[in-house]
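Take a look at the structure set out below.
Number of protein chains: 2
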Amino acid sequence: MREPAPDLTLLFNPRSIAVVGASTNVDSAGHDYVRSMREFGFGGPVYPINPKADEVSGYRAYPALEAVPGEVDLVISCIPASGVLDLIGQCRERGVRFLHLFTGRFSETGDAAAAALEREIEARAKAAGVRILGPNGMGVFHPAGGVSFRPDLPRDRGGVAMISQSGNNAVEVITRGYARGLRFGKVANYGNGMDITPGRLLAYLADDPETAVIAGYVEGVPDGRGFFDGLVSAAAKKPVVIHKAGRTGAGARSAASHTAALAGSAALWSAALRQAGAMEARSQEQLLDLVVGASLLRGAGGRRVAVVGGGGGRSVQSADACEEHGLEVVPLPATVRDQVRAKAPALADWIANPVDQSILAGSGLSSNGLLELMLASPEYDSAIANVGEDWFFGRPDAEERLRHACNRLSAIVATSQKPVAVVLGPTESAVGWQRELVDSVRDELVEKGAAVFPTVERAAFVLGRLSARA
Amino acid sequence: MREPAPDLTLLFNPRSIAVVGASTNVDSAGHDYVRSMREFGFGGPVYPINPKADEVSGYRAYPALEAVPGEVDLVISCIPASGVLDLIGQCRERGVRFLHLFTGRFSETGDAAAAALEREIEARAKAAGVRILGPNGMGVFHPAGGVSFRPDLPRDRGGVAMISQSGNNAVEVITRGYARGLRFGKVANYGNGMDITPGRLLAYLADDPETAVIAGYVEGVPDGRGFFDGLVSAAAKKPVVIHKAGRTGAGARSAASHTAALAGSAALWSAALRQAGAMEARSQEQLLDLVVGASLLRGAGGRRVAVVGGGGGRSVQSADACEEHGLEVVPLPATVRDQVRAKAPALADWIANPVDQSILAGSGLSSNGLLELMLASPEYDSAIANVGEDWFFGRPDAEERLRHACNRLSAIVATSQKPVAVVLGPTESAVGWQRELVDSVRDELVEKGAAVFPTVERAAFVLGRLSARA
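Rendered as structure tokens:
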């Protein structure tokens with residue numbers, strides 16, 4: 000029988016927070032946590048605990064948890080491992096519900112005494128009724144609740160949730176995903192995952208109304224059955240993308256020294272993820288690409304893809320990428336061919352899917368025009384629109400032409416009933432204005448809601464996976 | 000018996016060039032070719048042929064090829080297909096050695112009459128002793144000879160040669176490769192490859208003293224045996240990377256309408272490339288990565304890799320990537336562990352390969368320090384050094400610290416006897432200063448000769464392939 004999903008409401012929405020081990024040293028985690036709550040506009044009281052300081056980052060400091068004037072829902076611990084057992088006792092006395100242990104150097108060090116201490120902490124916390132996130136994790140990011148584990152993360156919130164065993168991976172996914180249009184709601188970096196396991200987090204997020212898409216980075220799980228239950232429950236309700244790391248011998252060794260994770264067999268993991276209905280990512284890049292697709296390519300599911308943009312060589316490469324990722328590059332239907340014939344008779348029997356934009360020059364037809372004709376045809380389920388910026392760079396008025404084409408493209412993307420994956424980049428140019436132009440155009444496309452991928456191969460991978468899921 | 004390699008000296012080093020169909024319209028190829036020779040400082044006479052113009056891009060124009068005062072080694076044709084037969088007659092009369100047909104709309108259109116014209120051109124040129132590059136290709140890029148097919152390409156020359164069936168692909172590889180430190184010597188975009196086939200180009204480049212590494216983009220070849228001969232001859236003498244496109248049904252259809260290429264079986268192609276000793280790329284990204292590796296990672300060959308940089312999650316991911324690409328993530332040798340113990344006793348039994356940079360904080364040891372220790376150990380053949388810029392972004396003095404770390408890293412790379420692949424990026428950040436900083440730091444690393452990859456996965460792919468080749 001499945002255990003019920005834990006109520007993590009006060010973990011993500013604490014009414015008050017104490018930071019034990021708060022520090023006046025701006026280059027320390029004990030300072031970052033306090034400052035983060037200020038920067039994110041946390042609405043309730045924040046209590047830095049530091050016997051030697053009067054205030055930390057503008058909040059009045061207290062010498063100990065027992066000296067704090069009000070109730071505390073969440074305690075964040077930045078003290079050394081040796082002080083944690085005592086801290087749990089203090090938490091019990093103050094009725095603290097959630098203790099997040101940023102504190103590390105437990106089982107992940109490979110040291111037997113440190114591992115034993117971790118087990119004792121687990122037992123003591125259970126007896127005290129204190130639920131633990133971590134140890135060895137950065138904790139909670141929930142901008143809607145004013146909570147963050149780093150002061151410099153984006154404030155805008157949205158429907159993407161993430162559970163991550165690794166803190167730096169969570170930070171990278173949030174910041175890189177933000178640049179690609181992802182807006183994160185709830186993120187939990189659970190580290191060694193002692194009590195609030197990834198399975199319990201998934202079970203909670205499955206029914207969380209704020210969460211539309213779930214990303215997960217997992218090195219290993221202590222409770223395989225619990226994880227699978229949480230995953231099935233979440234994937235039945237929303238798209239879930241899981242990056243399972245520690246697939247190889249070397250990866251598993253590294254996972255053990257990072258979060259003491261038992262990595263397990265890669266093949267078993269792939270099978271379990273598939274069976275649960277989750278999409279598997281094999282790298283952070285794939286994770287981000289799939290979450291961008293699941294979040295921004297609404298309605299993706301069919302395999303028949305229209306491809307426009309780029310020259311002839313790019314068209315051949317695009318066709319390969321689409322077919323190799325399970326998409327069908329359906330030849331141009333007669334209806335579209337007849338529409339081309341009306342405008343550009345010489346091209347009608349030559350033009351194909353993918354559309355080679357280099358043969359359109361001077362014809363009165365553009366890539367965007369073809370894209371509209373193809374999207375209107377019932378023969379296609381989705382499209383990949385390649386901006387092909389390199390061609391523009393070689394022409395006069397490059398900036399004006401490129402901006403014009405991208406404006407029209409973003410209007411098409413915004414109004415299309417079918418998903419359109421946009422390809423722009425990679426920004427590999429030694430020419431400053433070209434880099435800046437591509438960055439600026441990409442920002443505008445993302446701002447208007449487009450799913451933008453740096454290569455056709457990555458766009459095709461995502462559409463292929465979304466089709467396989469549907 | 001193999002045919003002898005053709006002498007293409009005057010194709011890449013013409014003493015004089017005529018551009019037939021030269022144009023005063025700055026938005027046309029007929030203008031671009033003339034302007035390109037000016038911008039690239041071509042040393043000999045340039046003769047724009049245009050009966051209606053007095054001059055094109057500062058060169059005196061002539062009404063016809065016969066009116067040109069001196070000898071002509073290379074004619075570039077930008078006139079319509081219907082005029083080419085007549086042009087070949089004029090070339091014969093003037094003793095022209097090489098005719099590059101930018102002119103397209105032949106067999107690639109799928110039109111029977113156009114294909115017949117192409118065959119007639121081939122026969123007529125052979126009879127006239129005029130060798131043809133193209134049709135339907137952008138032709139020759141050879142900055143050392145002052146020749147380019149676009150005015151905006153980089154001027155710096157180097158030892159990378161490329162043959163490409165696609166023009167836009169050649170432009171992308173040159174400009175993107177340039178930003179990553181590649182310097183191109185001779186590039187030929189041969190389009191339909193009628194006479195000067197990719198096999199003949201490879202045979203020529205095999206013995207070209209200017210060429211150290213060869214990249215190829217091929218959609219299909221008319222003479223399988225000739226291509227294989229040229230490839231074997233080239234790969235025996237220098238690293239060759241071939242991107243074979245048109246691997247799928249859709250890709251093959253697209254190749255037919257792009258360059259009338261017969262794409263052939265993907266499996267046969269992979270086997271032939273392997274047998275010939277070439278490295279196969281499956282995308283432009285892989286082609287660029289492999290050429291960067293073959294050009295800049297001198298001495299790559301062994302499988303035993305040291306990995307440093309990035310936090311714990313990244314370390315697990317890096318280990319997976321290395322092992323999945325055939326590298327051995329050799330555990331930290333006792334000698335290195337002892338050196339760590341001397342400086343940071345608490346880390347000595349915990350630290351591992353990959354090195355988790357997040358546990359080094361405050362220890363007096365840095366990623367770069369570990370990198371030096373590991374490179375000095377005979378247990379490692381190569382290294383991957385991940386800058387881990389996201390960590391710096393969260394700290395005070397981020398720019399100063401990141402620049403300091405990268406300066407030290409580039410000094411290590413420059414003096415190391417073993418190849419070090421650097422990982423920086425991808426520059427996916429919504430924060431302007433972070434983008435600019437990463438771009439600027441990458442430029443400096445590239446400037447100092449480092450092979451930089453945007454992800455550990457791509458660095459591991461390249462080191463793995465270079466090992467497999469060795």
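So the sequence lines, in the order shown, correspond to chains E and V. Residue numbering for the first sequence follows my numbering, starting at 0 and increasing by one per position. Residue numbering for the second sequence follows my numbering, starting at 0 and increasing by one per position. Virtual Cβ for every residue (Gly too), placed ideally from N, Cα, C.
Bounding residues of the alpha helix (DSSP H) (the contiguous stretch that carries residue i)
{"i": "E:ALA127", "result": "111-127"}
{"i": "V:LEU84", "result": "83-93"}
{"i": "V:SER314", "result": "311-323"}
{"i": "V:TYR32", "result": "28-38"}
{"i": "V:LEU200", "result": "197-205"}
{"i": "E:MET373", "result": "366-375"}
{"i": "E:SER163", "result": "That residue, E:SER163, is in no alpha helix (DSSP H); its beta strand (DSSP E) goes 159-163."}
Between the CA atoms of residue j and residue i - distance to the nearest angstrom
{"i": "E:ARG14", "j": "E:GLU70", "result": "9 Å"}
{"i": "V:PHE452", "j": "V:ASP288", "result": "7 Å"}
{"i": "E:PHE392", "j": "E:ARG400", "result": "10 Å"}
{"i": "E:VAL437", "j": "E:GLY20", "result": "45 Å"}
{"i": "E:VAL95", "j": "V:SER357", "result": "30 Å"}
{"i": "E:GLY88", "j": "E:TYR46", "result": "18 Å"}
{"i": "V:PHE140", "j": "V:GLY184", "result": "8 Å"}
{"i": "V:HIS324", "j": "V:LEU181", "result": "24 Å"}
{"i": "E:VAL421", "j": "E:ALA458", "result": "8 Å"}
{"i": "E:HIS30", "j": "V:ALA449", "result": "36 Å"}
{"i": "E:GLY42", "j": "E:ASN12", "result": "10 Å"}
{"i": "E:VAL115", "j": "E:GLN285", "result": "Checking the sequence shown, residue 115 of chain E turns out to be Ala, not Val. E:ALA115 and E:GLN285: Cα-Cα distance of roughly 37 Å."}
Within chain V, partners of residue i - CB distance below 8 Å
{"i": "E:THR258", "result": "GLY311"}
{"i": "E:THR210", "result": "Ordered by position in chain V, no residue passes the 8 Å Cβ test against E:THR210, which lies about 22 Å from the chain."}
From the options, residue whose alpha carbon lies closest to that of residue i
{"i": "V:ALA112", "options": "V:VAL129, V:ASP380, V:SER81, V:TYR46", "result": "V:SER81"}
{"i": "V:ASP396", "options": "V:ALA382, V:ALA413, V:SER365, V:GLN433", "result": "V:GLN433"}
{"i": "V:ARG175", "options": "E:THR426, E:ASP6, E:ARG468", "result": "E:THR426"}
{"i": "V:SER415", "options": "V:ALA270, V:GLY192, V:ASP380", "result": "V:ASP380"}
{"i": "E:PRO50", "options": "E:ILE75, E:GLU327, E:PRO44, E:ARG59", "result": "E:ARG59"}
{"i": "E:GLY40", "options": "E:LEU401, E:ASP151, E:CYS77, E:GLY310", "result": "E:ASP151"}
{"i": "E:LEU10", "options": "E:TYR32, E:VAL339, E:VAL74", "result": "E:VAL74"}
{"i": "V:ILE16", "options": "V:GLY138, V:GLY103, V:ALA211", "result": "V:GLY138"}
{"i": "E:GLY223", "options": "E:SER264, E:PHE183, E:LEU181, E:ALA382", "result": "E:SER264"}
{"i": "E:ALA160", "options": "E:SER76, E:ALA351, E:GLU209", "result": "E:GLU209"}
{"i": "E:PRO134", "options": "E:SER165, E:GLN316, E:GLU327, E:HIS99", "result": "E:HIS99"}
{"i": "V:GLY310", "options": "E:CYS77, E:VAL170, E:GLY42, E:PRO68", "result": "E:VAL170"}
{"i": "E:LEU346", "options": "V:ALA28, V:MET36, V:ARG91, V:PHE105", "result": "V:PHE105"}
Under 7 Å by beta carbon: chain V residues contacting residue i
{"i": "E:CYS321", "result": "ALA249"}
{"i": "E:SER253", "result": "SER314, VAL315, ALA318, ALA351, PRO353"}
{"i": "E:TYR177", "result": "ALA429"}
{"i": "E:GLU218", "result": "VAL315"}
{"i": "E:ARG246", "result": "ASP319"}
Partners in chain E for residue i, counting only beta-carbon separations shorter than 9 Å
{"i": "V:ASP348", "result": "THR108, GLY109, ASP110"}
Contacts of residue i in chain E (Cβ-Cβ under 7 Å)
{"i": "V:PHE392", "result": "ASP151"}
{"i": "V:VAL328", "result": "ALA249"}
Partners in chain V for residue i, counting only beta-carbon separations shorter than 9 Å
{"i": "E:GLY166", "result": "GLY310, GLY311, GLY312, SER357"}
{"i": "E:THR174", "result": "ASP389, PHE392, GLU427, SER428, ALA429, VAL430, GLN433"}
{"i": "E:THR454", "result": "SER282, GLN283, GLU284"}
{"i": "E:VAL170", "result": "GLY310, ASP389, TRP390, PHE392, GLY393"}
Interface residues of chain E facing residue i [CB-CB closer than 8 Å]
{"i": "V:PRO395", "result": "VAL25, ASP26"}
{"i": "V:ASP438", "result": "ARG434"}
Extent of the continuous beta strand (DSSP E) run through residue i
{"i": "V:ASN385", "result": "381-385"}
Interface flag, residue i vs chain A, CB-CB below 8 Å
{"i": "E:ILE173", "result": "Note that chain A does not occur in the displayed structure, where the protein chains are E and V."}
So does the segment 146-157 of chain V actually touch the segment 403-417 of chain E, counting three or more Cβ pairs closer than 8 Å?
-> no
Say whether the segment 118-127 of chain V touches the segment 272-279 of chain V, bearing in mind that this needs 3 or more beta-carbon pairs closer than 8 Å, one atom from each stretch.
-> no
Decide if the segment 247-260 of chain V is in contact with the segment 215-230 of chain V; the criterion is three or more beta carbon pairs, one per stretch, under 8 Å apart.
-> yes
Does the segment 279-299 of chain E come close enough to the segment 140-147 of chain V that 3 or more CB-CB pairs lie under 8 Å?
-> no
The segment 221-234 of chain E in contact with the segment 303-323 of chain V per 3-pair CB rule at 8 Å | no
With contact counted as at least three CB pairs below 8 Å, one residue from each stretch, are the segment 328-347 of chain V and the segment 182-193 of chain E in contact?
-> no
For the segment 442-461 of chain V against the segment 194-201 of chain E, are there 3 or more C-beta pairs whose distance is under 8 Å?
-> no
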